[in-house]
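Heads up: take any position in the sequence shown, counting from 1, add 103, and you land on this note's numbering.
Each residue gets a CB set at the ideal place from its N, CA and C atoms; glycine is no exception.
One structure below.
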Amino acid sequence: MLLTKKSDAVTRTTAGASLVQSLRRGLSHALPTMDRRGFLRRSGLGVGAGLAASQLALVRKADAADTAAHSVDGSGQVVVRRTVCSHCSVGCAVDAVVENGVWVRQEPVFDSPINMGSHCAKGASLREHGHGEYRLRYPMKLVNGKYERISWDQALNEISAKMLDLRKASGPDSVYVVGSSKHSNEQSYLLRKWMSFWGSNNCDHQARICHSTTVAGVANTWGYGAMTNSYNDMQNSKCALYIGSNAAEAHPVSMLHMLHSKETGCKMIVIDPRFTRTAAKADQYVRIRSGTDIPVLFGVLYHIFKNGWEDKKYINDRVFGMDKVREEVLAKWTPDKVEEVSGVKEADLYRVAETMAKNRPGTIVWCMGQTQHTIGNAMVRASCILQLALGNVGISGGGANIFRGHDNVQGATDVGPNPDSLPGYYGLAEGSWKHFANAWGVDFEWIKGRYAPGMMGKSGITVSRWIDGILEKNDLIDQPSNLRGVIFWGHAPNSQTRGLEMKTAMDKLDLLVVIDPYPSATASMAAMPAKQGSEVNPDRAVYLLPASTQFETSGSCTASNRSVQWREKVIEPLWESRSDHMIMYQLAQKLGFGQELVKNYKMQKVGGMDEPVPEDILREINRCVWTIGYTGISPERVKAHMRHMAAFDVKTLKCKGTVKDSETGYDMTGDYFGLPWPCWGTPELKHPGSPNLYDTHKHVMDGGGNFRANFGVERDGVNLLAEDGSHSVGADITTGYPEFDHVLMKKLGWWDELTDAEKKAADGKNWKTDSSGGIIRVVMKNHGCYPFGNAKARAVVWNFPDAIPQHREPLYGTRPDMVAKYPTHDDKKAFWRLPTLYKTVQEKNIADKLYEKFPLIMTSGRLVEYEGGGEETRSNPWLAELQQEMFVELNPKAAAERGISDGDRVWVNTPTGGHLNVQALVTERVAADTVFLPFHFSGRWQGADMLAYYPAGAHPIVRGEAVNTGTTYGYDSVTMMQETKTTVCQIEKA
């Protein structure tokens, strides 16, 4: 498709005339009774003229003529399938209209309490993701530098044989699997089970490099590693602080709720190094130097403490360690010190503090601008501490609204292929393994025998560091062998840092497999010679397997707010694509554990082949993931919610009135939409879900709760449990208490409230491993208490490198004066199986005076048009038309100093050897010392187009340099989160 260049005035005028004609034709046929205002409101025309014109046929209602069409089910009726957008994690619902097996048009679901009939550009062009012409259509193998078509049988036989050879020679840990945050919950869960039966914890997925610091930081502060409230609940906020979040572009539909809140007086504050589209909506914008979130947040806290604006009773009753934080903040983060580090003046932070203090409840929103740093865990906790000081956690309109990046990154994190846990964040201890062995119906010793000796309880390598699993010396790696095989299962390599080293690592592999609807940048990187004129490694086996999209199967996905929704299958798998869970089963059969993998599931025929039934996988999740309350989220309950979206209140998510599902007879009265986890106990308990975590203002059987007792009962002689009188409404225990197990149940005299069968299952167990759910039922329903106890949140997290968050300068920076005052961590050995450098790298950079050679701070982020690595969205012609160039934003002052004008081609040079040829966008959105590049691009490499290295016909329309070709080394000290927001570069005119 020939794209329209926006700089071409003649083409733009012609396109405009064509658009008018298209509108007239579309309106005369598709919308004969709708006025212009109604059309604009429903069509989403504001997302871009070219896009809106393309969607005219997709937004009209099925009319009388439609009903005569032949549907895929042979009924003679148009089939409407309800699904969920597969891009960001807002969870926008979509009605897809299918005629004769073809997805012909779509409508946003107007009854959805989450998106309320709205779409962003990506959602509006969703149909193309299913029917896209640039998809990978059949299995392929790299032969002599070119991809050739092969059969599924050949692909599965050769891949499995190679995996078994690697296992025999180097052990199961020699193979690494990168899962996907675009898998459904069922597929994510099954992949972690698949890896357990393969015998390795060397698996991970996208959440590691977007919100792992969030998960660790907030879980270690108050109990669970997830967003506490919801997009909808922001309508109850009186103040909202966005820090490191450009929601207007990254999560556009979430802004609907914020804008509604502003209409009723909510004050909106944006803190960011860049003036974003979100900042344009703010009442106050504060520009900071990238990476200085902790000084800024503690600078706000300084004024709160100085003016006595903190919630003293809340802190006394529900928070541990705030006195130590107060002491440090007042001594260390005085206004002059904050300004020295961050560049923010005292008056600006005073105004932020006053606004937040005088407009409660208030919420904080953060995203990757806060998480993707070497001190991301500490930045996250600083945000948590600020909210605790104001008493804003566990209250409607408050909390931490942490927006996740992909459509199911929350669910994949909850139940998927994490290297340090089993589904539900169960640790890798023997008790957890036995719990899951029981749920899976296999012998614990059999699973143990699949692992190399000593490796079953050891966390695997993270996705951010698989490169080093190949390149590092083996005697420095805490596993028997280096990595020799890597499977990219729905993951974009250009979303990871150190792209040049990644290419080197790929070239050294024995086996590389890509499983994806679109081939991703992995395919082109694998086929590209290491050096011009050389050949690709002939001894390496490279395969591409066409996975179905989420629209060609069914399953559940979890939005950022923890609500679970069900996707119906819209169309049958196209070309030779197969669903991810079918591929898992087929590979498992070849690898020798197929029957064990699916023994609890019914099988269904898809394309004449066996595929596990997704509902049965979810029912298995219901039987074992007690920790985070996926146990109450049955497929029947979730499907009923999808059929009755109009029954749920937009602000509270609660079901309005008495509503029964005629198909199942299920009564949704009192439920919260999507049963946001934790949805406690069995489905029969009918817990309604938890809209706002830690909310003591409600009974636990109405979604209320308190902070989790997960860190003991005492620390340094200080009680860690909640104070007397701090409890959820209606609780029989009105003070703090530890988590429940069989011993506590017996001491309290509650044991006999279990049935005989429940006693048998629960004896010797705690609430997390009681397979009957009896402990949870008795504690919650009979006594109004929380199974995980009632404790204080931790402002001081003693098990982290910095118990109180500390500002530390990035490894690559432009301020050596600040490095002297705020140095990084010491180097670590065998951290997540690998050595990790901190001080060594930072000190060498200072000694080499890199700040002189690379004087600009380089940061990266999202665009509204694209998502993730961008391969699928840049293969969508409607989105590709909207954003045709990879670019760098630089300030007019920085541009003038370099002789650069808006629209010039420039080179972005970085310390890694990165040499990126992009277009200059001269703008005051960034400060003179900072540049910004989006991270959705790939397909060009150091100035050269990689089109020749993609499979024929399966390439993105728009190709550009990947910013992560130039990003540098650096990892969070707790989670191995990569540093992408603060590194350095130099720019010169091309």
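| query | Given 8 angstroms as the limit, is there contact between the region 378-385 and the region 345-352, that is, 3 or more CB pairs closer than that? | reply | yes
| said: Which residue marks the beginning of the beta strand (DSSP E) containing GLN599, and which one marks its end? | reply: GLN599 -> no beta strand (DSSP E), and no H or E assigned at all.
| query | Just to confirm, are ALA894 and PHE957 a CB contact at a threshold of 7 angstroms? | reply | With contacts defined by Cβ atoms closer than 7 angstroms, ALA894 and PHE957 do not form a contacting pair.
| query | To which residues of the same chain is LYS440 closer than 8 angstroms at the C-beta, ignoring the five residues directly before and after it? | reply | PRO398
| Counterpart residues of ASP713 in DSSP-defined beta bridges | LYS708
| Member of TRP780, SER277, TYR688 whose CA lies at the smallest distance from the CA of ASN585 | SER277
| task | Taking 8 angstroms as the threshold, find out whether the region 943-963 comes into contact with the region 1070-1089 through three or more Cβ pairs. | result | yes
| request: Assign THR799 to one of two classes, buried (16 or more other C-beta atoms within 10 Å of its C-beta) or exposed (fewer than that). | output: Using a 10 angstroms sphere on the CB of THR799, the tally of other CB atoms reaches 16 or more, which defines it as buried.
| Nonlocal neighbours in the same chain, by C-beta distance under 8 angstroms from ARG144, ignoring five residues either side | Caution is warranted here: a pLDDT of 46 is assigned to ARG144, below 50, making its placement in the model unreliable, and the coordinate value is therefore given only provisionally. Correct list: empty, nothing qualifies.
| field | Burial state of PRO556 (16 or more Cβ within 10 Å) | value | Label assigned to PRO556: exposed.
| Starting from GLU210 and walking both ways along the beta strand (DSSP E), at which residues does that stretch end? | 205-211
| request: State buried or exposed for GLY1056, treating a residue as buried only when at least 16 other CB atoms are found within 10 Å of its CB. | output: Answer is exposed; the Cβ neighbour count stays below 16.
| request: Measure how close the beta-carbons of MET1080 and GLY479 come, nearest whole angstrom, since I'm counting them as under 8 angstroms. | output: Rounded, the Cβ-Cβ distance is 5 angstroms, consistent with contact.
| message | Going by the DSSP bridge assignment, what does TRP469 pair with across the sheet? | response | Looking at the DSSP output, TRP469 shares a beta bridge with ILE346, ILE505.
| field | Pairwise C-alpha distance: GLU714 and LYS708 | value | Linking LYS708 to GLU714 through their CA atoms gives a straight-line distance of about 6 angstroms.
| query | Going by beta carbon distance, what residues of the same chain come within less than 8 angstroms of LYS942, once the five residues before and after it are set aside? | reply | Spatial neighbours of LYS942 in its own chain (CB-CB distance under 8 angstroms, excluding positions within 5 residues in sequence) are listed in chain order as PRO926, THR927, HIS928, ASP929, ASP930.
| message | For THR962, report the span of its beta strand (DSSP E) as first-last. | response | 959-964
| query | Pick from ALA933, LYS947, CYS727, ILE907: whose alpha carbon is nearest that of PHE401? | reply | ILE907
| Environment of GLY147 [buried if 16+ CB atoms lie within 10 Å] | Residue placement at GLY147 is flagged as unreliable, the pLDDT there being 42, under the threshold of 50; the coordinate-derived value follows with that caveat. By the neighbour-count rule (16 or more Cβ atoms within 10 Å), GLY147 is buried.
| message | If I measure Cβ to Cβ from ASN869 and keep anything under 6 angstroms in the same chain, skipping five residues before and after, which residues do I get? | response | Excluding positions up to five away in sequence, the list reads ASP844.
| Is there contact here, the region 230-248 with the region 692-704, by at least three beta-carbon pairs under 8 angstroms? | no
| field | Paired residues, beta bridge with CYS660 - DSSP | value | GLN668
| query | Going by the beta-carbon positions, is the gap between SER499 and ASN288 smaller than 7 angstroms? | reply | For SER499 and ASN288, no; Cβs fall outside 7 angstroms.
| query | According to DSSP, is GLU431 helix, strand or coil? | reply | helix
| query | In or out: VAL246 buried (at least 16 other Cβ within 10 Å) or exposed? | reply | exposed
| Taking C-beta to C-beta, are GLU912 and VAL922 nearer than 7 angstroms? | yes
| query | Considering GLY534, what are the terminal residues of the alpha helix (DSSP H) in which it resides? | reply | 533-543
| According to DSSP, which residues form a beta bridge with CYS1088? | LEU959
| query | For SER737, is the classification buried or exposed, using 16 other Cβ atoms within 10 angstroms of its Cβ as the cut-off for buried? | reply | With 16 or more Cβ atoms within 10 Å of its Cβ, SER737 is classed as buried.
| request: Please state if the CB of GLY807 and the CB of LYS801 are separated by a distance shorter than 7 angstroms. | output: yes
| C-alpha gap between HIS1018 and GLY1046, whole angstroms | Distance between the alpha carbons of HIS1018 and GLY1046: 7 angstroms.
| Does DSSP classify LYS754 as helix, strand or coil? | coil
| query | Short check: CB of ASN664 to CB of PRO781, under 7 angstroms? | reply | no
| task | Give the DSSP-derived three-state secondary structure of VAL246 in the structure shown. | result | strand
| query | If we ignore side chains and look at the alpha-carbon of each, how far apart do HIS747 and LYS763 end up? | reply | 9 angstroms
| query | Exposed or buried, which one is ALA997 when buried takes at least 16 other CB atoms within 10 Å? | reply | buried
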